[in-house]
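Peer 1:
Numbering (our numbering), first residue to last: 2 to 89.
1) Under DSSP, the alpha helix (DSSP H) around residue 2 begins and ends at which residues?
2) Between the stretch 24 to 34 and the stretch 51 to 61, do three or more beta carbon pairs fall short of 8 Å?
3) Quick one: grab the DSSP three-state call for residue 30.
4) Taking the CB atoms as reference points, tell me whether residue 17 and residue 25 lie closer together than 8 Å.
5) When the Cα atoms are used, what is the spatial distance from residue 22 to residue 14?
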């Protein structure tokens, strides 16, 4: 039962990643692209988490936490950039 569920989750994450990539490439504005990048980072964290469950390697959860923290700091940096605007 568990391998079937894990394969379904992998498929759903793959579809979500594809849709987020489409949003990233066709985003009408910079804030939309930033949101798409955040979504892609969250999906990657999901992939790593599911892979950790699938393989039983618990150290991959540390990798997922590092990716999530890095994405959070990048989101703060993008937010400050958008708030202040580009230098002229």
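Ideal Cβ placement from N, Cα and C applies to all residues, glycine included.
A quick note: this is a predicted structure, and the numbers were derived from the prediction, not measured.
Peer 2: With the given structure in hand:
1) In the chain shown, counting from the first residue as 1, residue 2 sits at position 1. No alpha helix (DSSP H) holds residue 2; DSSP gives it neither H nor E.
2) no
3) Mapped onto the chain shown, residue 30 falls at position 29. Coil, per DSSP.
4) As a first step, residue 17 must be located in the chain shown, where it is residue number 16. As a first step, residue 25 must be located in the chain shown, where it is residue number 24. Contact: no.
5) One-based indexing of the chain shown puts residue 22 at position 21. One-based indexing of the chain shown puts residue 14 at position 13. Cα to Cα, residue 22 sits roughly 12 Å from residue 14.
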